[in-house]
Amino acid sequence: PDLETMKSEWATYKKEDDEKPATDEACIRFQAGYVKRLVSYTDYPTFNIDGVIECFLEWEHNKHENIMTFRDKPHKSLMTGHMAPVHHTTWLAERDDTISNYVDKC
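Using my numbering, the first residue of the sequence shown is number 1, and each one after it goes up by one.
Set out below in structure tokens:
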């Protein structure tokens, strides 16, 4: 876009950013809106950004719920729809980060 359009869009987004509530969810949704706008300006393949928002909000909720166990929660793949398996050992207790430990014991 031309310079004036860019300045106008930036001012709109800056105002939107300044006026959004000071919550994690508002920040996540604002960032997703930015990504949607960027994708719309390119030939980048579209993907389920709203699904990403929901997954990110779930992760963020889990983190607030318990900072020590949020990594133990499984998430659903937006590409396949499959739920990830729960790891056999909690993140905090796991000391073996080899691929074979993860894959062979799933």
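Even glycine gets a Cβ: it sits at the ideal position worked out from N, Cα and C.
Fair warning: this is a prediction, and the values are worked out from it, not measured in the lab.
When the Cα atoms are used, what is the spatial distance from residue i to residue j?
| i | j | result |
| --- | --- | --- |
| residue 55 | residue 30 | 15 Å |
| residue 46 | residue 53 | 15 Å |
| residue 61 | residue 17 | 22 Å |
| residue 99 | residue 59 | 23 Å |
| residue 83 | residue 69 | 18 Å |
Thinking C-alpha only, which one of the options is nearest residue i?
| i | options | result |
| --- | --- | --- |
| residue 71 | 23, 98, 88, 14 | 88 |
| residue 67 | 105, 84, 92 | 92 |
| residue 63 | 20, 38, 25 | 25 |
| residue 57 | 76, 90, 4 | 76 |
| residue 103 | 85, 90, 1 | 85 |
| residue 44 | 51, 50, 35 | 35 |
| residue 51 | 23, 74, 90, 81 | 81 |
| residue 27 | 83, 13, 39 | 13 |
Can you tell me whether residue i is helix, strand or coil according to DSSP?
| i | result |
| --- | --- |
| residue 68 | coil |
| residue 6 | helix |
| residue 73 | coil |
Going by the beta-carbon positions, is the gap between residue i and residue j smaller than 8 Å?
| i | j | result |
| --- | --- | --- |
| residue 48 | residue 3 | no |
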